[in-house]
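Numbered per my numbering, the sequence shown finishes at 268, counting up by one with no gaps.
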Amino acid sequence: FALKPNMNDVDRAERLSPFLFGLIVPPLVGFYDGLFGPGAGSFYMLAFVSLAGYGVLKATAHTKMLNFASNIGGFAIFAAVGVVYWKIGLMMGVAQFLGARLGASLAIRIGARLI
């Protein structure tokens, strides 16, 4: 995405129906996310832009929601078996919340050019 100069916030024609997209992409990327982790958001973003036809801003918003759902699932598993470091996790959560607020306000104000 960083090297593609014509990326903008214009929706394009979808290559997969929403049903097929939901049936194929989230399970595949979710499996990758559970196995490896880093980069899952990039795969979601790429899929939303290239397969679902979303503009960059809309794709980013949907990517964040799927990443959040995946992270909550992982957290639930770790919490269930008692291997959560709560102090570190809470500090990271506060920092993530502040960063997300800043990033969302900048994305809304500046748009696809920033993303």
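Glycine included, C-beta positions come from ideal geometry on N, C-alpha and C.
Rounded to whole angstroms, what is the Cα-Cα separation between residue i and residue j?
i: residue 243; j: residue 172; result: 36 angstroms
i: residue 168; j: residue 177; result: 13 angstroms
i: residue 203; j: residue 248; result: 31 angstroms
i: residue 201; j: residue 175; result: 11 angstroms
i: residue 207; j: residue 164; result: 5 angstroms
i: residue 238; j: residue 190; result: 18 angstroms
Along the chain, where does the alpha helix (DSSP H) containing residue i start, and where does it finish?
i: residue 202; result: 193-203
i: residue 190; result: Unbroken run through residue 190: none, as it is neither H nor E.
i: residue 242; result: 239-263
Taking a contact to mean a Cβ-Cβ separation below 9 angstroms, would you say residue i touches residue j in this structure?
i: residue 259; j: residue 267; result: yes
i: residue 197; j: residue 209; result: no
i: residue 264; j: residue 223; result: no
For residue i and residue j, which I take to be in contact (beta-carbon distance under 8 angstroms), what is that distance rounded to the nearest angstrom?
i: residue 193; j: residue 220; result: 6 angstroms
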